[in-house]
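Q: Could you have a look at this structure, given as structure tokens, before my questions?
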């Protein structure tokens, strides 16, 4: 089962990247800005935090007083787009996380390969998963 958890985690990380790439411009730009501005802070303060489900944002919030000014500024202008994207991701993760891991867990991440797999396999996923994916424009 430990291997399955690793695969599910990898699928989740790829889905986060895909969601931010396909999200509206303000949310996508906010994600990129936070990641660029906070990469050192994430490494310094949140190295042991598993990405996903808003845990990294929560860690950054808990360490707000110690964050670099650049990271703090990025987080100050990003809350609404990040919250909307996080909520959307949580819906997809709940509805599809296991199915994506099973269907596409063996696909090597990068260059849109996992998203192509999700698009290809979406028709065979449960109705709730398909609806969540379609709601975000991820699957046909």
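Numbering (mature numbering (1 follows the signal peptide of the UniProt record, and there is no 0)), first residue to last: -23 to -1, 1 to 117. Note that CB positions come from ideal geometry on N, CA and C, so glycine has one too.
Could you check whether residue 72 and residue 114 sit closer than 7 Å to each other, using their CB atoms as the reference points?
A: Counting from 1 along the chain shown, the entry for residue 114 is found at position 137. Counting from 1 along the chain shown, the entry for residue 72 is found at position 95. For residue 114 and residue 72, no; Cβs fall outside 7 Å.
Q: Taking all protein chains shown into account, do 16 or more other C-beta atoms lie within 10 angstroms of the C-beta of residue 88, making it buried, or fewer, making it exposed?
A: On the chain shown, position 111 is the one that residue 88 refers to. The residue in question, residue 88, is exposed, as its Cβ has fewer than 16 Cβ neighbours within 10 Å.
Q: Roughly how many angstroms separate the alpha carbons of residue 49 and residue 41, rounded to a whole number?
A: Counting from one through the chain shown, the residue named residue 49 turns up at place 72. Counting from one through the chain shown, the residue named residue 41 turns up at place 64. Roughly 7 Å between the two C-alpha positions.
Q: Note down the Cα distance separating residue -2 from residue 109, rounded to an integer number of angstroms.
A: The residue given as residue -2 occupies position 22 in the chain shown. The residue given as residue 109 occupies position 132 in the chain shown. Only weak support exists for where residue -2 lies, its pLDDT of 49 falling under 50; the coordinates are left without a value.
Q: What is the DSSP secondary structure of residue 110, counted as helix, strand or coil?
A: Within the chain shown, residue 110 is the residue found at index 133, counting from 1. If DSSP states are grouped into helix, strand and coil, residue 110 belongs with the helices.
Q: Tell me whether residue 20 sits in a helix, a strand or coil according to DSSP, three-state version.
A: The sequence position of residue 20 within the chain shown is 43, counting from 1. The answer is helix: DSSP assigns residue 20 an H, G or I state.
Q: Excluding the 5 residues flanking residue 84 on each side, which residues of the same chain have their C-beta closer than 6 Å to its C-beta?
A: Mapped onto the chain shown, residue 84 falls at position 107. Once the five neighbours on either side are set aside, the close Cβ partners of residue 84 are 90, 91, 94.
Q: Please say whether residue 18 and residue 44 have beta carbons closer to each other than 7 Å?
A: For this step, residue 44 is matched to residue 67 along the chain shown. For this step, residue 18 is matched to residue 41 along the chain shown. Their beta carbons are under 7 Å apart, which means residue 44 touches residue 18 by this criterion.
Q: Hey, out of 22, 34, 16, 112, whose CA is closest to residue 68's CA?
A: Counting from one through the chain shown, the residue named residue 68 turns up at place 91. Per the Cα distances, 112.
Q: Would you mind giving the Cβ-Cβ distance between residue 103 and residue 70, rounded to the nearest angstrom? I have them listed as a contact below 8 Å.
A: As a position in the chain shown, residue 103 is number 126, starting the count at 1. As a position in the chain shown, residue 70 is number 93, starting the count at 1. At roughly 14 Å, the Cβ-Cβ gap does not stay under 8 Å, so residue 103 and residue 70 are not in contact.
Q: Are the beta-carbon atoms belonging to residue 55 and residue 9 less than 7 Å from one another?
A: Along the chain shown, one-based indexing puts residue 55 at 78. Along the chain shown, one-based indexing puts residue 9 at 32. Result no, Cβ atoms of residue 55 and residue 9 do not sit closer than 7 Å.
Q: In the structure shown, what three-state DSSP assignment does residue 13 receive?
A: Within the chain shown, residue 13 is the residue found at index 36, counting from 1. If DSSP states are grouped into helix, strand and coil, residue 13 belongs with the helices.
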